[in-house]
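If you read the sequences in order, they're chains A and C. The opening residue of the first sequence carries number 1 in our numbering; numbering runs sequentially from there. The opening residue of the second sequence carries number 1 in our numbering; numbering runs sequentially from there. Here a beta-carbon is modelled for each residue, glycine too, at the ideal position from N, C-alpha and C. In what follows, a single structure is set out as structure tokens and then discussed.
There are 2 protein chains.
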Amino acid sequence: MHTFDAAMELAPLGDGVWLGQTSPAYGNMVGPFGGVTAAQALGGVLRHPQRLGEPVALTVNFAAALSDGAFTVHARPARTNRSTQHWVVEIRQDEQTAVTATVFTALRRDTWSAGEHGLPAVPPPGDVAARVIRKGVEWINRYEMRFVEGGFPAAWDGTDHGLSRTRLWMRDNPPRPLDFASLAALSDVFFPRIWRRRATMTPIGTVSMTVYFHADEALLRSTGDGWLLGQAQAQQFHRGYFDQTAQLWNEAGVLLATTHQVVYYKD
Amino acid sequence: MHTFDAAMELAPLGDGVWLGQTSPAYGNMVGPFGGVTAAQALGGVLRHPQRLGEPVALTVNFAAALSDGAFTVHARPARTNRSTQHWVVEIRQDEQTAVTATVFTALRRDTWSAGEHGLPAVPPPGDVAARVIRKGVEWINRYEMRFVEGGFPAAWDGTDHGLSRTRLWMRDNPPRPLDFASLAALSDVFFPRIWRRRATMTPIGTVSMTVYFHADEALLRSTGDGWLLGQAQAQQFHRGYFDQTAQLWNEAGVLLATTHQVVYYKD
């Protein structure tokens, strides 16, 4: 079994409640990698017997760091329409809320479709050197990352680079066919924009993340275990919080997800 | 009293529940303008006696069209930390959930701050013609709009313009000092990106909207009742849903909010 699938396991406790476990393989500095937590919150909806359609929007709020160990996912369909559904989700641990989330699912229909944010001109993944990991948290080893632009600072010398943009080819390590859960997790792979911008190892923590899924099941299937190009950039850093706006394309250049987050930073 | 303040009135029913009324002055094609609904959801948190700090992130999910008349806002602090707080909010009508929302509030601290998405080069609001409203829904009259780029299509002739970007100067009509509620509402003023892109009057409906507030109280105060430049663009239209990413700057060029939404479209 792939490490990601093991991390996604949720045991049904009934009435929309699931029992999960944090995965040491996705350990972060404090608690688990937020992308996997987001995927676990989504998992409570994906597994729910009343689910209607595929996820289109996911917002996850990280209210507290999860401790290593067991947690429960609580997924409630707040409103079910003819072809759409709105979910309210919480992850709880020690009788406290650690994560709040909302999910929107829908039965998609064929319509006029078009992109408006194409794959940037970048070399193919085979032409880009793999990132050499010298040290780091455990979850980083669960992803292959090939930085095209804006990798980890070569020197943590406090230079203001004036730009926080990063572009990288990325995928699960080892490769794994893409699904909604892993696409949600990949949306959080970007290292903090303030590190890129300022070349300073500032304490940070994501407080809220939104993922819009433009991919449907068919597009996930055709993407398979191929590389995704991720692009992320901050728009504003202001008094302790900055935002990040990001895009994820497959190798064929189709935009699979757009994602945003707001992140706490200490100085 | 300003029409917006009247629309924001919520009568306390106790235990984090408020009674509100839809405002005919902000009427939309079906139900009220979503921006005002988002502001009313935020209002349940802003008025809550347990609120800690200022709003930093707001996600509102439009689960059903509100009917004209009374509704209740239910705001619950799901987690309160030392300087941050996570809220779960619902708007209910006829014993059903019409809106779900999450709000993140925080006590901000002084830190290094910087922008990374400057005001585009545009003429000042005084040099741009006011939009002449020929027909339309009532809420449009509550905002002054001066389109710099990408206004309503001159001809609804189905031309694919290949680009959905709009830039406009906007503010409450009559002008009103900016606050968090009105900034949330202004984040939803942009007309649907698919109309701009395709010059076709397609049925649409926003299903989820996120606002990141980069403005704090002091910045709102210094912005006052001045103009905001709004910029909005879609990134992907796919099988019934498109996204919108947008920025709102004040006249001094400071980025006050970044906002995203995902919108249903019919064909």
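What does C:Val112 touch in chain A if you count any residue whose Cβ is under 8 Å from its own? Note on residue identity: the sequence assigns Trp, not Val, to residue 112 of chain C. Those within 8 Å of C:Trp112 in chain A are Arg198, Phe237 and Asp267.
How far does the beta strand (DSSP E) with A:Phe180 in it extend, from its first residue to its last? Where A:Phe180 is concerned, there is no enclosing beta strand (DSSP E), although the alpha helix (DSSP H) it sits in stretches over Phe180 to Leu186.
Count the other C-beta atoms from every protein chain shown that fall within 10 angstroms of the C-beta of C:Leu46, then say buried if there are 16 or more, exposed otherwise. buried
Three-state secondary structure (DSSP) of A:Gly151: coil
Mapping DSSP to helix, strand and coil, what is C:Thr202? coil
Compute the Euclidean distance between the alpha carbons of A:Ile140 and A:Ala25, then round it to the nearest angstrom. 9 Å
Closest Cα partner of A:Gln96 within the set C:Pro77, C:Val207, C:Val99 and C:Gln96: C:Pro77
Between the C-alpha atoms of A:Gly347 and C:Pro124, what's the straight-line distance to the nearest angstrom? The first residue shown for chain A is 1 and the last is 267, placing residue 347 of chain A beyond what the model contains.
If we define contact as Cβ-Cβ less than 8 Å, is A:Phe104 a contact residue for chain C? yes
What is the DSSP secondary structure of C:Asn172, reduced to helix, strand or coil? The sequence shown places Asp at residue 172 of chain C, rather than the Asn named in the question. Strand.
Inter-stretch contact (C-beta, 8 Å, three-pair minimum) for the region 59-79 of chain A and the region 93-113 of chain A: yes
C:His2 versus C:Pro177: straight-line alpha-carbon distance, rounded: 10 Å
Check the Cβ-Cβ distances between C:Val88 and every residue of chain A, and say whether any is below 8 Å. yes
Is C:Gly31 buried or exposed, if buried means 16 or more other CB atoms sit within 10 Å of its CB? buried
The region 212-228 of chain A: which residues have C-beta closer than 9 Å to a C-beta of chain C, in chain order? Tyr212, Phe213, His214, Ala215, Asp216 and Leu219
Buried or exposed for C:His161, going by 16 or more other Cβ atoms inside 10 Å? exposed
Separation of A:Thr166 from A:Phe237, as counted between CA atoms: 16 Å
Euclidean distance between Cα positions of C:Arg92 and A:Thr84: 18 Å
Could you work out which residues of chain A lie near C:Val262, taking near to mean beta carbons separated by less than 7 Å? Val56, Ala57 and Tyr212
By Cβ distance below 7 Å, which residues in the same chain neighbour C:Gly253 in space, the five residues on each side in sequence not counted? Gly118 and Leu119
Distance, Cα to Cα, A:Ala39 vs A:Tyr241? 23 Å
8 Å contact criterion, which A:Phe104 and A:Val56 should meet: CB distance rounded: 5 Å
Mapping DSSP to helix, strand and coil, what is C:Val189? coil
Taking C-beta pairs closer than 7 Å, name the residues in chain C that A:Ser308 reaches, listed in chain order. Nothing about residue 308 of chain A can be reported from this structure: the residues present for chain A run from 1 to 267 only.
For C:Ala75 and chain A, any beta-carbon pair shorter than 8 Å? no
If you follow the beta strand (DSSP E) that C:Gln236 is in, where does it begin and where does it stop? Gln236 to His238
Status (buried if at least 16 other CB within 10 Å, exposed otherwise) for C:Asn81: exposed
Does the region 142-151 of chain C come close enough to the region 254-261 of chain C that 3 or more CB-CB pairs lie under 8 Å? no
By a C-beta neighbour count over all protein chains shown, 10 Å radius and 16 as the cutoff for buried, is C:Trp249 buried or exposed? buried
Pair within 8 Å by beta-carbon distance, C:Val17 and C:Thr72: yes
With the cut-off set at 8 Å, would you say A:Phe190 and A:Ala232 are in Cβ contact? yes
Mind listing the chain A neighbours of C:Leu163? Cutoff is C-beta to C-beta under 8 Å, in chain order. Glu116
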